[in-house]
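Protein chains in written order, with the working numbering: chain A, 2 to 235; chain B, 2 to 235. For every residue, glycine included, the Cβ atom is placed at its ideal position computed from N, Cα and C.
Protein chains: 2
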Amino acid sequence: MHHAHPHPEHHLTSSAMLQDIVIGLSDGLTVPFALAAGLSGAVQSSGLVITAGLAEIVAGSIAMGLGGYLAGRTEVEHYDAELKREYQEVQDVPHVERAEVDELLTEMGLSESTRHQAVRELTADPDQWVRFMMKYELGLEKPDPSQAPKSAFTISTAYAVGGLIPLSAYFVTDTPAEGLLWSAVITLVCLLIFGYLKSRMTGQPPVMGALKMAGVGALAAGAAFLVARLITQE
Amino acid sequence: MHHAHPHPEHHLTSSAMLQDIVIGLSDGLTVPFALAAGLSGAVQSSGLVITAGLAEIVAGSIAMGLGGYLAGRTEVEHYDAELKREYQEVQDVPHVERAEVDELLTEMGLSESTRHQAVRELTADPDQWVRFMMKYELGLEKPDPSQAPKSAFTISTAYAVGGLIPLSAYFVTDTPAEGLLWSAVITLVCLLIFGYLKSRMTGQPPVMGALKMAGVGALAAGAAFLVARLITQE
């Protein structure tokens with residue numbers, strides 16, 4: 002889900018791996034926490050909460066990891082297909098592609114005489130011409146084929162680690178209610194810290210980021226709790 | 002999660018809303034299906050599977066929707082912050098920014114004399130200059146502030162709709178095992194159709210796309226089932 006933007010060095014400090022950890026942790030801390038909280042309001046046994054929680058972590062981390070892997074592969078295939086198409090177009094309908102270059106340069110704000118010169122230079126070499134179209138017309142950067150499996154693994158692992166944090170409380174407590182109390186304390190602290198660090202990393206106001214992250218978790222957990230309560234009291 | 006690429010018209014046919022539906026449905030069909038499948042191997046009551054499934058759907062759709070909304074808001078704030086910064090830089094260190102324009106044009110493949118002329122034209126007007134830097138140096142397009150709440154709502158709803166499909170089987174069957182059988186049939190058919198349509202929409206081979214989508218769901222459900230079985234048999 003959601004990768005492969007250009008990363009200009011001096012404006013962003015996060016690497017692709019850090020971004021994947023953030024993606025996995027955000028969902029991993031939130032959804033299993035909320036599911037376990039919801040079940041705590043509906044069942045009498047911590048064992049059931051743990052079983053459902055672990056099943057969710059496995060399901061979620063496979064869906065996110067494998068889904069991310071396939072999305073990454075699709076991105077590589079998409080790039081290659083568009084690349085082939087641009088080479089074909091440059092060969093078959095060069096006048097159309099030349100007009101597209103001219104249009105892009107007009108949007109940038111170049112005068113007619115500069116454009117005339119620039120179009121001639123940009124279209125002199127087919128490789129350079131196609132590279133220009135890929136990047137500036139389509140906004141596509143060549144994706145790194147080795148990124149997809151790495152991303153999948155990182156997101157999966159981060160999701161599982163994130164999910165085990167709220168669930169751990171149920172392992173060491175006797176009742177679901179007690180588990181929920183400690184789970185909420187641990188998870189909200191983690192969400193606050195994580196939201197703070199994430200916002201610092203992306204240059205956003207960190208205290209606000211911490212509160213937002215904890216707010217999403219609390220809201221999801223509260224809603225899941227209410228729904229599970231309502232069903233079981235029917 | 003994952004938005005705001007430039008959308009060149011003749012190469013992609015999907016709108017932002019369709020993309021959001023795809024995001025929500027992919028996860029909604031997969032994770033609640035896998036969780037319910039996992040629990041079916043571990044508990045005797047369909048009521049418990051339904052309770053856990055609905056709690057998961059509520060948790061997941063709030064986490065995805067609200068998470069998506071906050072991410073969209075952050076994107077708007079990030080754009081505005083970078084915009085302010087570029088205006089500042091253009092005013093305070095114009096020679097540095099002019100050199101950056103020249104560097105970008107060199108990468109495109111323009112000759113020195115064309116660059117000389119182009120740099121002068123692109124930096125004549127501060128608004129145009131900043132717009133050029135935002136788009137071509139940072140790869141940032143002005144985000145639409147009304148997109149975040151719309152996206153959040155669409156993703157949430159799609160997740161919930163997707164999740165109710167596999168869960169519906171447990172409403173009309175007597176035992177979790179029977180529920181699982183029908184849930185698997187319905188969900189795999191939906192994943193095949195959805196994968197087929199999604200791949201057609203994005204110009205990928207549709208049959209392969211259908212199989213991949215169903216494969217992710219089957220694998221996640223199988224793994225969740227095994228894990229839940231193992232825990233409860235301890």
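Could you work out which residue in the options is closest to residue i when comparing CA atoms only?
i              : options                     : result
residue 17(B)  : 62(B), 49(B), 154(B)        : 154(B)
residue 147(A) : 208(A), 207(A), 72(A)       : 72(A)
residue 211(A) : 115(A), 234(A), 200(A)      : 200(A)
residue 220(A) : 63(B), 58(B), 156(B), 95(B) : 63(B)
residue 209(B) : 96(A), 75(A), 55(A)         : 75(A)
residue 109(B) : 113(A), 190(A), 136(A)      : 136(A)
residue 150(A) : 46(A), 69(A), 55(A), 47(A)  : 69(A)
residue 23(B)  : 85(B), 198(B), 93(B), 94(B) : 198(B)
Please go through the same chain and pick out, in chain order, the residues whose beta-carbon is closer than 7 Å to the beta-carbon of residue i, but skip the five residues on each side of it.
i              : result
residue 50(B)  : 37, 40, 41, 44, 171, 177, 180
residue 228(B) : 39
residue 91(A)  : 98, 127, 130, 131
residue 116(A) : 103, 106, 107
residue 225(B) : 35, 36, 38, 39
residue 213(A) : 196
residue 230(A) : 42, 43
residue 114(B) : none
Between residue i and the rest of its own chain, which residues show a CB-CB distance below 6 Å, the 5 nearest in sequence each way excluded?
i              : result
residue 53(A)  : 40
residue 232(A) : none
residue 66(B)  : 153, 156, 157
residue 9(A)   : Its pLDDT being 39, under 50, residue 9(A) is placed unreliably by the model, and the measurement read from it follows with that caveat. There are no such residues.
residue 185(B) : none
residue 21(B)  : 152, 155, 156
residue 190(A) : none
Between residue i and residue j, is the Cβ-Cβ spacing less than 9 Å?
i              : j              : result
residue 202(A) : residue 26(A)  : no
residue 125(A) : residue 119(B) : no
residue 218(A) : residue 192(A) : yes
residue 207(A) : residue 216(A) : no
residue 144(B) : residue 88(B)  : no
residue 111(A) : residue 142(B) : no
residue 140(A) : residue 140(B) : yes
residue 60(A)  : residue 31(B)  : yes
residue 182(B) : residue 174(B) : yes
residue 78(B)  : residue 205(A) : yes
The alpha helix (DSSP H) spanning residue i covers which residue range?
i              : result
residue 88(B)  : 47-93
residue 131(A) : 127-133
residue 151(B) : 148-172
residue 115(A) : 113-123
residue 42(A)  : Where residue 42(A) is concerned, there is no enclosing alpha helix (DSSP H), given that its DSSP letter is neither H nor E.
residue 207(A) : 207-233
residue 197(B) : 177-202
Note down, in chain order, each residue of its chain lying with its Cβ closer than 8 Å to the Cβ of residue i, except the 5 sequence neighbours on either side.
i              : result
residue 101(B) : 134, 138
residue 58(B)  : 29, 33, 160, 161, 164, 165, 168
residue 95(A)  : 124
residue 194(B) : 211
residue 83(B)  : 135, 139, 141
residue 46(B)  : 177
Taking CB distances under 9 Å as the criterion, tell me whether residue i reaches chain C.
i              : result
residue 221(B) : Among the protein chains in the structure shown, which are A and B, there is no chain C.
May I ask you to list, following chain order, the residues of the stretch 98-118 of chain B that have a beta carbon less than 7 Å from some beta carbon of chain A? Hits within the stretch, in order: 109, 110, 111, 112, 115, 118.
For the stretch 151-173 of chain A, enumerate the residues whose C-beta is nearer than 9 Å to any C-beta of chain B, in chain order. Close to chain B, meaning a Cβ-Cβ distance shorter than 9 Å, is no residue of the stretch 151-173 of chain A at all.
Check distances from the C-beta atoms of the stretch 51-62 of chain B to those of chain A and list, in chain order, the residues that come in under 9 Å. For the stretch 51-62 of chain B, which is checked against every Cβ of chain A, the residues closer than 9 Å are 51, 52, 53, 55, 56, 57, 58, 59, 60, 61, 62.
Determine which residues of the stretch 201-215 of chain A have a Cβ less than 8 Å from any Cβ of chain B, and write them out in chain order. Against chain B - using a Cβ distance shorter than 8 Å - the residues of the stretch 201-215 of chain A are 203, 204, 205, 213.
Of the residues that make up the stretch 126-137 of chain A, which ones have a beta carbon closer than 9 Å to any beta carbon in chain B? For the stretch 126-137 of chain A, the residues whose beta carbon sits under 9 Å from a beta carbon of chain B are, in order, 126, 129, 130, 132, 133, 136, 137.
With 7 Å as the C-beta to C-beta threshold (strictly closer), list the residues of the stretch 63-75 of chain A near chain B in chain order. For the stretch 63-75 of chain A, the beta-carbon criterion of a distance under 7 Å to any beta-carbon of chain B is satisfied by 63, 64, 67, 68, 71, 75.
Listed from N- to C-terminal order along the chain, which residues in the stretch 176-194 of chain A have their beta-carbon within a distance smaller than 9 Å of any beta-carbon of chain B? So nothing in the stretch comes that close.
Residues of the stretch 16-30 of chain A with Cβ closer than 9 Å to any Cβ of chain B, in chain order: Going along the stretch 16-30 of chain A in chain order, one finds 24, 27, 28 with a Cβ nearer than 9 Å to chain B.
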